[in-house]
Every structure is written in structure tokens, then in C-alpha cells.
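**Q** Numbering (this note's numbering), first residue to last: 299 to 627. There's a structure below that I have some questions on.
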Ligand code: ATP
Ligand code: LTN
């Protein structure tokens, strides 16, 4: 039997090239080597307020986008988290073995809670639900961007603690980062991770941006006071543009160095914009075709949920038995 892969993405904002290069491209690439489950994590999204109508629409659109980037429903399962109640059931059981201190140490929790006036319990519990997502399916491999490494480590700690308290129940998952592009930075602020939730026209390139907008955003990207690419003195903005180019083109380090050394920033930006536009064009075309097919997305989501719900339920049953909870015999 093939090992299982699991990963998730929140239906918030608009998916961008950071999501694509850090995670989604890898999802499509490794799906044939594993039994893959990819999940639109709407229960994670509501840890911060979401407009209900918008959320509903974003779930559909994100599913369409995941199919457009190449998730193959004949091979992989594409599901919405809230369609499978087992995620929440297991999350509660895991909550009960997780020390609050572990959760308070999470970088993402610290950043998100600092930005809120009142901190919803969901923001603190966020990584426990993520651990439940992963452990429900005995996933060995979790392809994510660099910002999620800490959460996967925590998943291992929670699994280990559960196993030592209640006996071997969960498989230990491992993070899978892309070799290039695990952390794409904002075009306007290269010190900050490119993020869906940052509103700002020059921050992120959305996967659905038209070519002229992509070019405009890249041409305006923050660089530094050098005139041309100098690999001995790379500022964060230029380094980020080179990473974006390399991740899309899949060129080797040596080829990137040779090609870009001494190139003026204007020309560098033009070439970066070209490589993004060329990669996104077929994705956007497929996206529109998929969204034009009235029931296709809904069918994929339903079939996938039907296929994997028994796996999730079996794990919940196993965890319940391990903990001594009631299970009808
Ligand atoms: P938000 O800003 O709303 O938290 P996000 O852009 O971080 O959203 P997520 O849905 O949280 O997006 O992440 C989906 C996947 O994309 C995760 O695997 C995450 O690690 C990856 N990812 C997100 N941002 C980046 C980035 N800037 N570079 C590389 N990978 C990223
Ligand atoms: N927290 C992740 C999304 C996510 C996830 C998961 C990723 C939820 N559950 C399980 C991998 C495995 C994020 O990208 N913000």
C-alpha cells in the first residue's frame, strides 16, 4: 500500500504564488507517488471571522483552483474539512492531551493573537485541529510551506504524547518542504511572508491576476539601492525575485547565478514577470473551464468525502477505544 499524504489550505483571501510555490505545486507533483488527500480547511478559516456568504463562495473557488493546478480527482481526494465530522471529534480528544503551554508557544498564535482585541479560543486550538487533520488519515508526508513546519512538529509531539498515554495509535508525520520557494516573501515588504490576508495591491500575486496586473506588481516590487544583481550582496527583495524565478523555472542554482549575475533590476523584473505569466496562463484557463462546468466541483468534493470518511471514522473509533470512551460493540 502507498503511504499517505495529507495537506490543507484555508479558503480565505485569494490563493497566491506563495501558496502555489510553497505547497500547491508540490501537492500536484507528489500525488501519484502517494495516496493523497487534500483538504480545504474551512473550520480553520473561521478561527477568524469570515463573512458567511463569502466563505461559501471561496470554498467553491478554491476547490476549482486546486483542480486547475493539477490535483487529479481520479487519484487524489479533494475534500472540505467540515464535511467530515471526524476532524472535530478527534480534535477534541487531542485537545485533552495537549498542554496549553505548547499552544501558546506557536509563532502563528503569537502573531495572530497580537493582532486581535479579543482572542478566540479557536486561534489557540488551531494547531490541534490541524494535528487531527493529519493524524486522522495516518499521513506520513505533509507538504506545506515553511511557516507550517512548527505546526507539523507540534502534531508529532501531540501524537507521541497520545501514544505514550494510551498506547500506539498514531503514525508520525513528516514535513515536506519544496527545495526552492518554501517561503515566498511579500513583493512590497520582502521581510514579511507573502500572505493571503494582507490587503495591499502590491503585496501578493494572486493565481488569478491577469498578465498586465502581474507585470505591474512585479515591476513595482521593492528592491534595494544597487543597480544590478550582485550575488555577494543580495538584498531580500532581489533574493525573493530570484527565488520566485527559480521555483517557477526549476533552473539549477548554477544556471540562475550565471544567467542573472550583473543583470539590471528592470530586466530581472521583466523576466520574473514573464515566467509567472507563462506558468499561470494554463492554470487560469483550466480554472475558468472548471468553474463553467456547473456541477463538476461539487461532484468531486462529494465523491472524495464519501471515499475517505470511512478512513477518518475508523481512526476516531480507534482513538475512542484507546481512551476508553464509549463505542457501541
Ligand atoms: P493567511 O495569510 O490567511 O494565513 P496563507 O497565505 O498563509 O494565508 P494558508 O492557507 O495558511 O495561506 O496556507 C496554505 C499553504 O501555503 C500552506 O502550506 C502554507 O505553508 C503555504 N504558504 C502560505 N504562504 C506561503 C508563502 N509566502 N511562501 C510559501 N508557502 C506559503
Ligand atoms: N494550517 C495550515 C492549513 C492546514 C494544514 C492542515 C496543512 C490545516 N490543516 C493539515 C497541512 C496539514 C495553513 O496553511 N495555514
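Note that beta-carbon positions come from the ideal geometry of N, C-alpha and C, so glycine has one too.
1. For the ligand LTN, is there any heavy atom lying closer than 7 angstroms to the beta carbon of residue 431?
2. Quick one: what's got a C-beta closer than 6 angstroms to residue 521's C-beta in the same chain, skipping five residues either side?
3. Count Cβ pairs between the segment 338 to 348 and the segment 318 to 330 that sit closer than 8 angstroms; are there 3 or more?
4. For residue 478 versus residue 552, is the C-beta spacing smaller than 8 angstroms?
5. Whole angstroms is fine: what's the gap from residue 621's alpha carbon to residue 464's?
6. Can you check whether the CB of residue 332 is closer than 8 angstroms to the CB of residue 450?
7. Write down every uninterrupted run of the beta strand (DSSP E) in the segment 367 to 440 whose length is 3 residues or greater and which is fully enclosed by it, in chain order.
8. Classify residue 362 as helix, strand or coil using the three-state DSSP reduction.
9. Just list the residues that DSSP pairs residue 614 with in beta bridges.
10. Would you say residue 446 touches the ligand ATP, meaning its beta carbon is less than 7 angstroms from a heavy atom?
11. In chain order, which beta strand (DSSP E) runs of at least 3 residues are fully inside the segment 455 to 542?
12. Starting from residue 333 and walking both ways along the beta strand (DSSP E), at which residues does that stretch end?
13. When the Cα of residue 565 is compared with those of 526, 362, 602, 302, which residue comes out closest?
14. Here's the rule I'm using: 16 or more other beta-carbon atoms within 10 Å means buried, otherwise exposed. How should residue 303 be labelled?
15. Which class does residue 306 belong to by DSSP, given the choice of helix, strand or coil?
16. Which one of 315, 300, 310, 309 has the shortest CA to CA distance from residue 541?
17. Can you tell me which of 300, 358, 334, 364 puts its alpha carbon nearest to the alpha carbon of residue 584?
18. Kindly list the residues whose CB is nearer than 6 angstroms to the CB of residue 410, restricted to its own chain and excluding five residues on each side of it in sequence; keep chain order.
19. Does the beta-carbon of residue 531 have 16 or more other beta-carbons within 10 angstroms, so that it is buried, or is it exposed?
20. Quick one: does the C-beta of residue 404 sit closer than 7 angstroms to a heavy atom of the ligand ATP?
21. Compute the Euclidean distance between the alpha carbons of residue 320 and residue 394, then round it to the nearest angstrom.
22. Considering Cα atoms alone, identify which of 434, 443, 388, 385 is closest to residue 307.
23. Below 8 angstroms between beta carbons: does that hold for residue 309 and residue 343?
24. Considering only C-alpha positions, which residue in the set 506, 305, 570 is nearest to residue 379?
25. Which residues in the same chain have their Cβ closer than 6 angstroms to the Cβ of residue 456, if we skip the five residues on either side of it in sequence?
**A** On the basis of the supplied data:
1. For the purposes of this step, residue 431 is identified with residue 133 of the chain shown, where counting begins at 1. Checking every heavy atom of the ligand LTN against the Cβ of residue 431, one is found closer than 7 angstroms.
2. As a working note, residue 521 is residue 223 in the chain shown. Only 535, 536, 563 meet the Cβ criterion.
3. no
4. Position 180 of the chain shown, counted from the first residue, corresponds to residue 478. Position 254 of the chain shown, counted from the first residue, corresponds to residue 552. The answer is no: Cβ separation not under 8 angstroms.
5. Position 323 of the chain shown holds residue 621. Position 166 of the chain shown holds residue 464. Approximately 6 angstroms, taken between the alpha carbons.
6. As a first step, residue 450 must be located in the chain shown, where it is residue number 152. As a first step, residue 332 must be located in the chain shown, where it is residue number 34. Against a cut-off of 8 angstroms, the Cβ pair of residue 332 and residue 450 comes out as no contact.
7. 375 to 378
8. Taking the first residue of the chain shown as position 1, residue 362 is located at position 64. Three-state result, residue 362: helix.
9. If you number the chain shown from 1, residue 614 lands on position 316. Note: residue 614 sits in no beta bridge, so no partner.
10. Numbered from 1 along the chain shown, position 148 holds the residue referred to as residue 446. Yes, the beta carbon of residue 446 sits closer than 7 angstroms to at least one heavy atom of the ligand ATP.
11. 472 to 474
12. As a position in the chain shown, residue 333 is number 35, starting the count at 1. Residue 333 -> beta strand (DSSP E) spans 333 to 338.
13. For this step, residue 565 is matched to residue 267 along the chain shown. The shortest C-alpha separation from residue 565 is found at 526.
14. The residue you call residue 303 lines up with position 5 of the chain shown. Buried, by the Cβ-count rule.
15. Counted from its first residue, the chain shown places residue 306 at position 8. If DSSP states are grouped into helix, strand and coil, residue 306 belongs with the strands.
16. The residue given as residue 541 occupies position 243 in the chain shown. Comparing Cα-Cα distances from residue 541 to each of 315, 300, 310, 309, the minimum goes to 315.
17. Residue numbering aside, residue 584 sits at position 286 when the chain shown is read from its first letter. Nearest of 300, 358, 334, 364 to residue 584, Cα basis: 364.
18. Here residue 410 corresponds to residue number 112 of the chain shown, with the count starting at 1. Here the set comprises 421.
19. Taking the first residue of the chain shown as 1, we reach residue 531 at position 233. Residue 531 comes out exposed.
20. As a working note, residue 404 is residue 106 in the chain shown. No.
21. Counting from one through the chain shown, the residue named residue 320 turns up at place 22. Counting from one through the chain shown, the residue named residue 394 turns up at place 96. Rounded to the nearest angstrom, the two C-alpha atoms are 32 angstroms apart.
22. As a working mapping, residue 307 is identified with position 9 in the chain shown. Nearest option by C-alpha distance: 443.
23. Residue mapping note: residue 309 aligns to position 11 of the chain shown, counting from 1. Residue mapping note: residue 343 aligns to position 45 of the chain shown, counting from 1. Closer than 8 angstroms, so yes.
24. Indexing the chain shown from 1 puts residue 379 at position 81. Of the candidates 506, 305, 570, the one whose C-alpha sits nearest the C-alpha of residue 379 is 305.
25. Your numbering for residue 456 matches position 158 in the chain shown. The residues are 392, 396, 429.
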